[in-house]
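One structure is given below, encoded as structure tokens.
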Amino acid sequence: MKNGLKMSTGKLNFYYAEAQALHEISLDFYANQVTALIGPSGCGKSTLLRCLNRMNDLIPYSRAQGQVMLDGEDIYDPDIDVVTLRSRIGMVFQKPNPFPKSIFENVAYGLRVKGIKDRAFLEERVETSIKRAALWDEVKNRLHESALGLSGGQQQRLCIARAMAVEPEVLLMDEPASALDPIATQKIEELINELKNRYTIIIVTHNMQQAARISDVTAFFYLGRLIEVDETEKIFTRPGLKQTSDYITGRFG
Amino acid sequence: MLQAFMFSLFRLSAVINGAALVIVIGFLVSKGWRAINWTFLTQMPTDSMTKGGILPCIVGTLIISLGSIAIALPIGVASAIYLNEYARPGRLVRFLRLGINNLAGVPSVVFGLFGLSLFVVWMGFGVSILSGCLTLAAMTLPVIIGTAEEALRSVPNTYREASLGVGATKWQTIYRVVLPAALPGILTGTILGISRVAGETAPIMFTAAVFYTPSLPSSLSDKIMALPYHIYVLATAGTHIQATRPIQYGTALVLIALVLGLNLIAIIYRTRLRRRR
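Here the protein sequences line up with chains A and B, keeping their order.
Okay, so the first sequence: first residue is 425 according to my numbering, each after it adds one.
Okay, so the second sequence: first residue is 255 according to my numbering, each after it adds one.
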């Protein structure tokens, strides 16, 4: 693993009220790599993802215990400003969730809430972000129309553009293609491959082939525990544990 | 067979409902339309209110409806935002909701007495527009809080997460994403509120409305005439109950038209909001 360490968790436990969803997770994420989190439903992979930008803070009576480091700083430190943190760590959700606003305003949103009003700057950044999300040619003539008129696949690329517009360092993706058809999925996967030159990407996926195609490192979870983590190629060809091999060959889960 | 029977039963219920509305309005129109003319709508009443117009009642009802909504809407929406977006679910919130729901069921005459003792007497506002607006605002507040909360709850959580996820603060999320998405629903609550407020008699008879004013109100401490109270007065307390029948129906017709008109404005605005997305 030649790239630099970008994020890591250290003995991370997470509780929804009394139910423990994560047990002692220690995992490293490297810059410019795609790390895939896989495992059966309820294994804690989405919970872990949402700990990485503290989105879980929204859930009443939940608590996290342990460390989550971003560039050597603990993001659960009380002195950390969670708003700034979330602009450094972008997130793309399972279902495309554009705002009921125009395409332009969706992408500009993260900049506007930072107080940026300079029209030329906004236009330039919106264009760059939509281009990086490989959506520009499809929407350049309708930037001021509602984002809800786009297809599901286009909406998801728009959400990726929206996340990228604030220039985050890490992109978290929670099953970003699970609600999309195969062609739209392929586009998202190609996009992820492009984007890893720029970002650290952490992706939750239910789809084994997808994890094998797009990720550099794969981490397998089961019942809130990290079972095995290694280079994707190794996990899918010579997994170290029988449990992992059973899961990726479809024997359970 | 059973299905066909049940369907016709449902259809009948719908028809009865529609018919009731048509009959009530038709009755008012047939009895009242002769009373309505330009003088009736634009002049002060004369000859012990047996002739002339009902302008002060129209003005009074408009002022007090819009005034009370202007007070209740911001407070109601703010309360709903607190309950739905900020407050941690728990005993306090459950208690507050219980209180609000119960308040919505309190008869309007109780609000009238509440307004009389709190605003008119204790706070010393007297029988005035201010007291009336505050009383009606208190009465309509639970309706507005309830519908506003419903509207906020129906905004998908994914919008909130998307907004927070790009580094918006909680308030920015509420102000820029959640509130605009909830606005059509909140307007529905406002429509319900206005309709209820404009037609109320009991809460204003102790707090704002009087039998007769010689001129239009010019300040918040003035008393007013109001359409529902005017109908009540002419129909029960006047000395010319029979002679003023056409005026009573005319006034009722104007009241209905006013409520429908206010609703229509709000509905058109809501439709335009919905279309804009």
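We put the beta carbon where it would ideally sit given N, CA and C, even for glycine.
Predicted model only: the values in this text are computed from it and were never measured.
(request) Answer with yes or no whether the minimum CB distance from residue 422 of chain B to chain A is below 8 Å. (result) Chain A contact via Cβ: present.
(message) Does any residue of chain A have a CB that is nearer than 8 Å to the CB of residue 341 of chain B?
(response) Taking Cβ atoms only, chain A never reaches closer than 8 Å to residue 341 of chain B, which makes this a no.
(request) Would you mind telling me which residues of chain B sit closer than 8 Å to residue 514 of chain A, beta carbon to beta carbon, in chain order? (result) Those within 8 Å of residue 514 of chain A in chain B are 419 and 420.
(message) One question on the structure: do residue 567 of chain A and residue 527 of chain A come within less than 8 Å of each other, judged by their Cβ atoms?
(response) Remark: C-beta atoms of residue 567 of chain A and residue 527 of chain A approach each other more closely than 8 Å.
(request) Establish whether the CB of residue 496 of chain B and some CB of chain A are separated by less than 8 Å. (result) It does not; no Cβ of chain A falls within 8 Å.
(request) Report yes if the CB atom of residue 374 of chain B is closer than 8 Å to the CB atom of residue 381 of chain B, and no otherwise. (result) It is a contact, given that the beta carbons lie within the stated cut-off.
(message) Ignoring anything shorter than 3 residues, give me the beta strand (DSSP E) runs that lie fully in the region 615-676 of chain A, in order along the chain.
(response) Look at the region 615-676 of chain A and you find these whole runs of beta strand (DSSP E), each 3 residues long or longer: 624-628, 641-646 and 649-655.
(message) Extract the residue ranges of the beta strand (DSSP E) inside the region 477-558 of chain A, only unbroken runs of 3 or more that lie entirely within it.
(response) 486-494 and 513-516, all fully within the region 477-558 of chain A.
(request) Provide the residue span of the beta strand (DSSP E) that contains residue 448 of chain A, from first to last. (result) From DSSP, the beta strand (DSSP E) with residue 448 of chain A extends over 443-454.
(request) Compare the Cα-Cα distances from residue 457 of chain A to each of A/676, A/644, A/638 and A/648 and report the closest residue. (result) Distance check between residue 457 of chain A and each of A/676, A/644, A/638 and A/648 places A/638 closest, using alpha-carbon atoms only.
(request) Name, in chain order, the residues that DSSP records as bridge partners for residue 570 of chain A. (result) The bridge partners DSSP lists for residue 570 of chain A are A/526.
(request) Determine, using beta carbons only, whether residue 419 of chain B and residue 538 of chain A come nearer to each other than 8 Å. (result) Against a cut-off of 8 Å, the Cβ pair of residue 538 of chain A and residue 419 of chain B comes out as no contact.
(request) Give the secondary structure of residue 432 of chain A by DSSP, where H, G and I count as helix, E and B as strand, and everything else as coil. (result) Assignment of residue 432 of chain A by DSSP, reduced to helix, strand and coil, places it in the strand class.
(message) Count Cβ pairs between the region 637-654 of chain A and the region 480-496 of chain A that sit closer than 8 Å; are there 3 or more?
(response) No: fewer than three Cβ pairs fall under 8 Å.
(message) Can you give me the C-alpha to C-alpha distance between residue 516 of chain B and residue 441 of chain B, rounded to a whole angstrom?
(response) Roughly 12 Å between the two C-alpha positions.
(request) Pick out whichever of B/260, B/406 and B/523 has its Cα sitting closest to the Cα of residue 337 of chain B. (result) Its Cα nearest to that of residue 337 of chain B, the residue B/406 stands out among B/260, B/406 and B/523.
(message) Considering only the alpha carbon of each residue, which of A/440, A/474 and A/661 lies closest to residue 499 of chain A?
(response) The candidate whose alpha carbon is nearest that of residue 499 of chain A is A/474.
(message) Just verifying my parser: in three-state terms, what is the DSSP assignment at residue 523 of chain B?
(response) In the three-state reduction of the DSSP assignment, residue 523 of chain B falls in the helix class.
(message) Pairs of beta-carbons, one from the region 444-454 of chain B and one from the region 390-400 of chain B, closer than 8 Å: are there three or more?
(response) Look at the beta carbons and you see the region 444-454 of chain B touching the region 390-400 of chain B: at least three pairs across the two are nearer than 8 Å.
(message) Distance cutoff 8 Å, beta carbons only. Does residue 508 of chain A sit that close to anything in chain B?
(response) Yes, because at least one Cβ of chain B sits closer than 8 Å to the Cβ of residue 508 of chain A.
(request) Give the residues from the region 459-487 of chain B that approach chain A closer than 8 Å (Cβ to any Cβ), ordered along the chain. (result) Within the region 459-487 of chain B, no residue has a Cβ that lies closer than 8 Å to any Cβ of chain A.
(message) Does any residue of chain B have a CB that is nearer than 8 Å to the CB of residue 528 of chain A?
(response) It does not: the Cβ of residue 528 of chain A has no partner Cβ on chain B nearer than 8 Å.
(request) Quick one: using the 10 Å Cβ neighbour count with 16 as the cut-off for buried, is residue 352 of chain B buried or exposed? (result) Exposed is the label assigned to residue 352 of chain B, since fewer than 16 other Cβ atoms lie within 10 Å of its Cβ.
(request) Decide if the region 278-292 of chain B is in contact with the region 493-509 of chain B; the criterion is three or more beta carbon pairs, one per stretch, under 8 Å apart. (result) By the Cβ test, the region 278-292 of chain B is in contact with the region 493-509 of chain B, since at least three Cβ pairs between them sit closer than 8 Å.
(message) Once DSSP output is grouped into helix, strand and coil, what is the label at residue 425 of chain A?
(response) Residue confidence for residue 425 of chain A is low, a pLDDT of 45 falling below 50, so the modelled location carries little weight; the figure read from the coordinates is stated next. Three-state DSSP puts residue 425 of chain A in coil, outside helix and strand.
(request) Measuring alpha carbon to alpha carbon, tell me which of A/536, A/459, A/434 and A/445 ends up nearest residue 654 of chain A. (result) Nearest Cα to residue 654 of chain A within the set A/536, A/459, A/434 and A/445: A/459.
(request) Please report the Cβ distance between residue 315 of chain B and residue 512 of chain B, rounded to the nearest whole angstrom; I am assuming they are in contact, meaning their Cβ atoms lie under 8 Å. (result) Contact check for residue 315 of chain B and residue 512 of chain B: beta-carbon distance about 6 Å, within the 8 Å limit, so the pair qualifies.
(request) In the DSSP assignment, find the unbroken alpha helix (DSSP H) run with residue 416 of chain B in it and report its ends. (result) That run of the alpha helix (DSSP H) goes 411-419.
(message) On a Cα-Cα basis, can you pick out the residue from B/290, B/278, B/280 and B/317 that is closest to residue 462 of chain B?
(response) Of the listed residues, the one whose Cα sits closest to residue 462 of chain B is B/317.
(request) Determine the chain A residues that contact residue 405 of chain B at a beta-carbon separation under 9 Å, and present them in chain order. (result) Taking a Cβ-Cβ cut-off of 9 Å, residue 405 of chain B has no neighbours in chain A, whose nearest Cβ is about 14 Å from it.
(message) Taking the straight line between their C-alpha atoms, what separation do you get for residue 289 of chain B and residue 439 of chain B?
(response) Spanning the two alpha carbons is a distance of roughly 37 Å.
(request) Quick one: list the residues of chain A neighbouring residue 430 of chain B, beta-carbon separation under 8 Å, in chain order. (result) Those are 533, 536 and 537, listed as they occur along chain A.
(message) Using only the alpha-carbon positions, how far apart do residue 683 of chain A and residue 593 of chain A sit?
(response) Residue 683 of chain A lies beyond the range of chain A shown here (425 to 677); nothing can be said about it.
(request) Anything in chain B within Cβ reach of residue 511 of chain A, meaning under 7 Å, just list it in chain order. (result) By Cβ distance, chain B contributes 420 and 421.
(message) Which residues in chain B have a C-beta closer than 8 Å to the C-beta of residue 477 of chain A? List them in chain order.
(response) Per Cβ cutoff of 8 Å: 419.
(request) Would you kindly report the start and end of the unbroken alpha helix (DSSP H) that includes residue 394 of chain B? (result) For residue 394 of chain B, the enclosing alpha helix (DSSP H) starts and ends at 383-407.
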